Amino acid sequence: MNNKFSCVKTITFKGWNILLTEVETSITGGLPIFSIVGLPNKTINESKERIRAVLSHLGIGLPVGRIIINLSPAHITKEGTHYDLPIIIGLLVALNIINIPHIDEYIFFGEINLKGLIIKTLGILPVGIFCFKNNYKILTSEQAQKELSLIADFNRYFLFKDIMNIIVFFKNYKEHSNYKKLPDKEIKPLYIFPKKEESINIYLPKIYKRFMEIAALGNYNFLLVGPPGTGKTTLVKIFHKLLPLLKHEQSLEVTSLYSIAGLLEEETLMDYPPLRIPHHSSSIYALLGGGIKPKPGEVSLANQGVLFLDELSNFSSNILDGLRECIEEKIVRISRVTYNISYPANFQLVSAMNPCKCGFLGSKKKLCVCSSKTKEIYKNKISGPFLDRIPLYLYMEDIFYGESENQKEWIQTTREKIVKLRSKEITEQVITENLLPIEKETQCFINKYCEKYNISLRKYKYLLRIANTIKNLDGNDIITKSQIGEAILFLNMYAK
Ligand SMILES: [Zn+2]
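Its first residue numbered 418, the sequence shown is counted upward by one per residue in this note's numbering.
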């Protein structure tokens, strides 16, 4: 038997990163063996059986001899069913059954069932983006069309229903013939804002509105503290509506993460910041990602949006420590025995908790019955370094005590205002506190305050940043004394 060889390209997911992978096929004489090497996991090893069955249905018998498939680079663990397609194509090419001109330019990606149909697998959107950016053509399932068409101007996709289609197509293939050049599509948003705005009838005290405006403009992590039933979750949902739409790059990133996680229900671009509300009983894998099969957790699903932790004190300290790292680095790193991966985790942390175990500490309406020891234990449940990452704080008492009014107009105008002021705010947040526009007299006032209450350097920096956000919100050029006063009011009292 003549020795046969082929090499085709596919990709390997390493968390959020995509690695170009070569599938090499070698057919030589010798004792019959069909083996896949290069750290394949169980699903990839099973693909041998699928491929054998599909080929025999097509009337193609595998030659008797040594068939070795090598997934290169061989030192990285491979996971997923999308290797079926590159492996079968590699075999067909090695056996001279099909000839794909310039095969180097293609990325093959897809699962195959026993009938030979090509099935769409998770993460097609990020693979499409990878091909778009690196000038590759993608050959995959026709089911991937909708998701791939989200990438504007990308038309180098070759989509097929089954293996037979691929064989027939390349038999008649003329160079530069366009198989499925889709028209450049308009990008459709998943949530249509603000057209679909529902009306929200609720009483919102002025101070709550002001707090939300500051938190939204400055993109601050914040903590809501208050007795049970004061509408903390409602306030967070309203706050989420104040956030501006995502930019195109951000929205591709968010949609790609949902595509990898298999959570992209409608195959449209998610252009609104996600809001994730994990329960406090969620596992660390669900929150941070990972598990037996690597996949993004809540911190990554909240990327470019809001992660809301209700009943903060009930989350385990392991989870909160992991979250602290995400807040600092804006990515989550997951290390397991078999893999080392990372995903983006750039979210705004919103949290809520009761002020004490009984829930009524500081309430004007009901008396707190906790002993001083219980209060202390409750407060110490959340680690200091975690609370230090939360600049803003609001005590909530009476959200529902007032005449309700429709907040639709306020939400719309605030969002527009935030869109307008965001870029100025972001530029100024980089400026050091020594360069902020502040009058001497106001600076003296701050210094006195910090001295009197023994304010740490971290809190002092928060104070100036918050005051600067308020200055931007008010449209002033200089930070005033009253703006400092307002910043003190919202400064997280639990942070050190
Ligand atoms: Zn209490």
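Note that CB positions come from ideal geometry on N, CA and C, so glycine has one too.
Quick caveat, the model's predicted, so the values are computed rather than measured.
TODO: Could you tell me whether any non-hydrogen atom of ligand 1 is closer than 7 Å to the CB of Gly-776?
DONE: Residue 776 sits at position 359 when you count from the first residue of the sequence shown. Yes, Cβ of Gly-776 sits closer than 7 Å to a heavy atom of ligand 1.
Open item on the list: Any heavy atom of ligand 1 closer than 7 Å to the beta-carbon of Val-786?
Closed with: Here residue 786 refers to the residue found at position 369 when the sequence shown is read from its first residue. Yes, since a heavy atom of ligand 1 falls inside the 7 Å radius drawn around the Cβ of Val-786.
TODO: Would you be able to state if there are at least three C-beta pairs under 8 Å between the stretch 756-766 and the stretch 722-738?
DONE: Cβ pair count under 8 Å is three or more, so yes.
Task: Ala-979 versus Ser-558: straight-line alpha-carbon distance, rounded - done: A question about residue 979 goes unanswered here, because the residues of the chain that appear run from 418 up to 913.
TODO: Along the beta strand (DSSP E) that carries Gln-765, what are the first and last residues, could you check?
DONE: Along the sequence shown, read from residue 1 onward, the residue named residue 765 stands at position 348. Taken as a continuous stretch (DSSP letters only), the beta strand (DSSP E) holding Gln-765 covers 765-770.
Task: Cβ-Cβ separation, Met-770 to His-730 (assumed contact under 8 Å), whole Å - done: Here residue 730 refers to the residue found at position 313 of the sequence shown. Here residue 770 refers to the residue found at position 353 of the sequence shown. Reading off the sequence shown, one finds Ser at residue 730, where the question assumed His. Contact between Ser-730 and Met-770 holds: CB atoms are separated by about 5 Å, below the 8 Å threshold.
Open item on the list: Within 10 Å of its beta-carbon, does Tyr-870 have 16 or more other beta-carbons around it, so buried, or fewer, so exposed?
Closed with: Here residue 870 refers to the residue found at position 453 when the sequence shown is read from its first residue. Counting Cβ neighbours within 10 Å, Tyr-870 comes out exposed, since fewer than 16 surround it.
Open item on the list: For Glu-842, tell me which candidate among Pro-772, Ile-887, Ile-751 and Leu-674 has the shortest Cα-Cα distance.
Closed with: Reading the sequence shown from its first residue, position 425 is the one you call residue 842. The candidate whose alpha carbon is nearest that of Glu-842 is Ile-887.
Task: Cβ-heavy atom distance, Cys-773 to ligand 1, below 7 Å - done: Residue numbering aside, residue 773 sits at position 356 when the sequence shown is read from its first letter. Yes.
- [ ] Look up Glu-742 in the DSSP assignment and say whether it is helix, strand or coil.
- [x] If you number the sequence shown from 1, residue 742 lands on position 325. If DSSP states are grouped into helix, strand and coil, Glu-742 belongs with the helices.
TODO: Check whether the stretch 684-704 touches the stretch 619-629, counting contact only when three or more Cβ pairs, one atom from each stretch, lie closer than 8 Å.
DONE: no
Open item on the list: According to DSSP, simplified to helix, strand and coil, what is Glu-528?
Closed with: As a position in the sequence shown, residue 528 is number 111, starting the count at 1. Reduced to three states, the DSSP call for Glu-528 is strand.
Open item on the list: Contact between the stretch 849-869 and the stretch 895-913 is defined here as three or more beta-carbon pairs at a separation below 8 Å; is this criterion met?
Closed with: yes
- [ ] Identify which residue in Ile-428, Ile-568 and Tyr-879 has its Cα closest to the Cα of Glu-522.
- [x] Along the sequence shown, read from residue 1 onward, the residue named residue 522 stands at position 105. Glu-522 has its Cα closest to that of Ile-428, out of Ile-428, Ile-568 and Tyr-879.
Task: Nearest residue (CA-CA) to Val-786, options Gly-545, Tyr-702 and Cys-773 - done: For the purposes of this step, residue 786 is taken as the residue at position 369 of the sequence shown. Checked all of Gly-545, Tyr-702 and Cys-773; the closest Cα to Val-786 is Cys-773.
- [ ] Would you please state the rounded distance, in angstroms, between the beta carbons of Tyr-792 and Leu-778? I believe it to be under 8 Å.
- [x] Taking the sequence shown and counting its residues from 1, one reaches residue 792 at position 375. Taking the sequence shown and counting its residues from 1, one reaches residue 778 at position 361. In the sequence as displayed, the identity of residue 792 is Lys instead of Tyr. The Cβ separation is near 7 Å, so the contact holds.
Open item on the list: Using CA atoms only, rank isn't needed, just tell me which of Ala-511, Ile-453 and Gly-482 is closest to Tyr-500.
Closed with: Counted from its first residue, the sequence shown places residue 500 at position 83. Comparing Cα positions, the closest option is Ile-453.
- [ ] Would you decide whether Val-847 is buried or exposed? Buried here means 16 or more other CB atoms lie within 10 Å of its CB.
- [x] Position 430 of the sequence shown, counted from the first residue, corresponds to residue 847. Val-847 should be labelled exposed.
Open item on the list: Using only CA atoms, which one of Asn-551, Thr-831 and Leu-880 lies nearest to Asn-851?
Closed with: Residue 851 sits at position 434 when you count from the first residue of the sequence shown. Minimum Cα distance to Asn-851 is reached at Leu-880.
Task: the stretch 559-574 in contact with the stretch 521-541 per 3-pair CB rule at 8 Å - done: yes
TODO: Look up Val-440 in the DSSP assignment and give the residues it is bridged to.
DONE: Locating residue 440 in the sequence shown gives position 23, where the first residue counts as 1. In DSSP, Val-440 forms a bridge with Val-425 and Leu-488.
Open item on the list: Beta-carbon within less than 6 Å of Ile-583's beta-carbon, same chain only, minus the 5 sequence neighbours each way: which residues are those?
Closed with: Taking the sequence shown and counting its residues from 1, one reaches residue 583 at position 166. Closer than 6 Å at the Cβ level, and outside the excluded window around Ile-583, lie Phe-577.
- [ ] Sort Cys-867, Asn-420 and Asn-638 by Cα distance to Lys-747 and report the nearest one.
- [x] Here residue 747 refers to the residue found at position 330 when the sequence shown is read from its first residue. Answer by Cα proximity: Asn-638.
Task: As assigned by DSSP and simplified to three states, the class of Leu-809 - done: Taking the first residue of the sequence shown as position 1, residue 809 is located at position 392. Strand at Leu-809.
Open item on the list: Based on DSSP bridge pairs, tell me the residues matched to Asn-823.
Closed with: For the purposes of this step, residue 823 is taken as residue 406 along the sequence shown, with counting starting at 1. Asn-823 pairs with Asn-618.
- [ ] Take Lys-865 and list the residues in its own chain whose beta-carbon comes closer than 7 Å to its own, dropping the five residues that flank it on each side.
- [x] Along the sequence shown, one-based indexing puts residue 865 at 448. Hits under 7 Å: none found.
- [ ] Identify whether Arg-882 lies in helix, strand or coil by the three-state DSSP scheme.
- [x] Here the question's residue 882 lines up with position 465 in the sequence shown. Helix, per DSSP.
TODO: Could you check if Arg-753 is buried or exposed, using at least 16 other CB atoms within 10 Å of its CB as the buried criterion?
DONE: For this step, residue 753 is matched to residue 336 along the sequence shown. Exposed, since its Cβ has fewer than 16 Cβ neighbours within 10 Å.
Open item on the list: At the level of alpha carbons, what is the spacing between Cys-424 and Thr-442?
Closed with: To locate residue 424, count along the sequence shown from 1; it is residue 7. To locate residue 442, count along the sequence shown from 1; it is residue 25. So the alpha carbons of these two residues sit roughly 6 Å apart.
Open item on the list: Buried or exposed for Phe-422, going by 16 or more other Cβ atoms inside 10 Å?
Closed with: If you number the sequence shown from 1, residue 422 lands on position 5. Looking at its Cβ environment, which holds fewer than 16 other Cβ atoms inside 10 Å, Phe-422 is exposed.
Task: Val-440 versus Pro-503: straight-line alpha-carbon distance, rounded - done: Stepping through the sequence shown from its first residue, residue 440 is reached at position 23. Stepping through the sequence shown from its first residue, residue 503 is reached at position 86. Taking the straight line from one Cα to the other gives about 7 Å.
Task: DSSP state of Thr-460 mapped onto helix, strand, coil - done: Locating residue 460 in the sequence shown gives position 43, counting from the first residue. In the structure shown, Thr-460 sits in a helix (DSSP, three-state: H, G or I).
Task: Best match in Cys-867, Leu-556 and Asn-420 for proximity to Ile-485 [C-alpha to C-alpha] - done: Within the sequence shown, numbered from 1, the residue matching residue 485 stands at position 68. When each option's Cα is compared against that of Ile-485, the closest is Asn-420.
Task: Sub-8 Å separation of Ile-505 and Pro-480 beta-carbons - done: Reading the sequence shown from its first residue, position 88 is the one you call residue 505. Reading the sequence shown from its first residue, position 63 is the one you call residue 480. The criterion of a C-beta distance shorter than 8 Å is not satisfied by Ile-505 and Pro-480.
Open item on the list: With the cut-off set at 8 Å, would you say Ala-912 and Leu-737 are in Cβ contact?
Closed with: To locate residue 912, count along the sequence shown from 1; it is residue 495. To locate residue 737, count along the sequence shown from 1; it is residue 320. Not in contact: Ala-912 and Leu-737 (Cβ atoms no closer than 8 Å).
TODO: Using alpha carbons as the reference points, say which of Arg-875, Leu-874, Gly-892 and Ile-901 lies closest to Ala-884.
DONE: Position 467 of the sequence shown, counting from 1, holds the residue named residue 884. For Ala-884, the nearest C-alpha among the options comes from Ile-901.
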